[in-house]
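Undergrad:
Residue numbers (our numbering): 15 to 215.
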């Protein structure tokens with residue numbers, strides 16, 4: 015009952031031919047997976063392009079309406095803190111209740127010296143309730159897995175994803191800055207490379 019039955023043709027094949035057939039099947043599966051991932055990558059790339067366009071339009075509109083760069087920077091920090099941590103990205107709430115400012119009651123970064131809403135100086139405190147998933151996360155360029163940095167394999171040319179051996183990079187931080195000439199920049203620094211979106215005149 016628990017014995018596996020094999021087709022007669024399979025049993026007549028030389029063991030080397032069976033291995034070749036298995037490898038060919040794996041290659042075919044890999045090619046299909048590669049095509050699926052490529053299609054997914056193209057879809058994500060298109061969405062990122064549309065989001066970049068939207069961000070540029072919103073930044074230009076804000077600048078044209080006279081919004082100071084400092085106000086945009088403060089708003090980026092406030093939105094970043096909505097998940098409980100100032101880590102440069104929007105995420106799911108990772109703690110039950112983010113620490114609140116003692117003055118205005120709004121969420122604040124416990125490791126920062128002041129509240130991003132009211133500016134009142136606060137004592138810096140490292141929270142005890144930071145979960146294990148607060149470790150630096152890396153994203154694999156091939157299999158798109160997000161893995162903790164401690165689970166990546168260190169090689170001479172950088173960190174690699176264990177399952178697929180692709181080089182992985184850290185998640186970037188978004189910042190808004192003024193270059194001093196009235197141009198507004200939103201930059202995403204990832205793995206030492208700086209991709210910039212500029213507000214050009």
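Cβ atoms here follow ideal geometry from the backbone N, Cα and C, with glycine treated the same way.
Keep in mind it's a predicted model, so treat the numbers as computed, not measured.
Which partner residues of residue 169 appear in the DSSP bridge assignment?
TA: Answer by DSSP bridge pairing, in chain order: 172.
Undergrad: State the beta-bridge partners of residue 104 as determined by DSSP.
TA: Answer is none; residue 104 lacks a bridge partner.
Undergrad: According to DSSP, what are the bridge partners of residue 49?
TA: Residue 49 pairs with nothing; no bridge assigned.
Undergrad: Give me the Cα-Cα distance between residue 116 and residue 102, rounded to the nearest whole angstrom.
TA: Looking at the two C-alpha atoms, the distance is approximately 23 angstroms.
Undergrad: Given a cut-off of 7 angstroms on the beta-carbon distance, is the pair residue 118 and residue 99 in contact?
TA: Not in contact: residue 118 and residue 99 (Cβ atoms no closer than 7 angstroms).
Undergrad: If you count every other CB in all the chains shown that lies within 10 Å of the CB of residue 83, and 16 or more means buried, which is it?
TA: That one is buried.
Undergrad: From residue 30 to residue 37, what distance separates their C-alpha atoms?
TA: One C-alpha to the other measures close to 11 angstroms.
Undergrad: Classify residue 53 as buried or exposed, calling it buried when 16 or more other Cβ atoms lie within 10 Å of its own Cβ.
TA: It counts as exposed.
Undergrad: I need the straight-line Cα distance from residue 161 to residue 105, nearest angstrom please.
TA: In a straight line, the C-alpha of residue 161 is about 15 angstroms away from that of residue 105.
Undergrad: When you compare only the Cα positions, how much space is there between residue 124 and residue 94?
TA: The straight-line gap from Cα to Cα measures roughly 13 angstroms.
Undergrad: For residue 126, does the three-state DSSP call read helix, strand or coil?
TA: Three-state DSSP puts residue 126 in coil, outside helix and strand.
Undergrad: Name the two residues that bound the continuous alpha helix (DSSP H) containing residue 85.
TA: 83-94 is the span of the alpha helix (DSSP H), which, as asked, contains residue 85.
Undergrad: Alpha carbon to alpha carbon, how far is residue 167 from residue 133?
TA: One C-alpha to the other measures close to 42 angstroms.
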